[in-house]
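Student: Heads up: the sequence shown is residues 1 to 66, going by our numbering. Note that CB positions come from ideal geometry on N, CA and C, so glycine has one too. First the structure, which I've put down as C-alpha cells, then a few questions once you've had a look.
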Amino acid sequence: MPTSLPDDVKHLSWAAEQLGIGTSTAYRLVAVGKILGAFRIGTQWRVSVPRFLAEVHGAVADSESR
C-alpha cells in the first residue's frame, strides 16, 4: 500500500499554509465547504492541488477585475 500522496493531492495543512491560515482554521473552513477542492479519505482531509489553485487564482482574478 503506497504511503505517499500523488503530486496533485496534498494534505489539508498544505492548503492552510498556501492560504496563510492555521490548520485549525482550515479544518473549520473545510467543514463548511469554504475550501474548494478538499475531499475526505476516511477520516483525513486531502486537497486536489489543481482544483484548489484554480479556485484560489480564479477568486483573485475576479476581485482584481472589479
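1. Jot down the residue ranges of each uninterrupted alpha helix (DSSP H) in the stretch 17 to 45, minimum 4 residues, whole runs only, in chain order.
2. Just checking my contact of Trp45 with Ala38 at CB under 8 Å: how many whole Å lie between their CB atoms?
3. To the nearest whole angstrom, what separates the beta carbons of Leu12 and Val30, a pair I think is in contact under 8 Å?
4. Excluding the five sequence neighbours on either side, which residues of its own chain have a C-beta within less than 8 Å of the C-beta of Ala16, listed in chain order?
Tutor: Working from what's here:
1. Segments of the alpha helix (DSSP H) lying fully in the stretch 17 to 45: 23 to 31.
2. At roughly 6 Å, the Cβ-Cβ gap stays under 8 Å, so Trp45 and Ala38 are in contact.
3. 6 Å
4. Excluding positions up to five away in sequence, the list reads Gly22, Thr23, Thr25 and Ala26.
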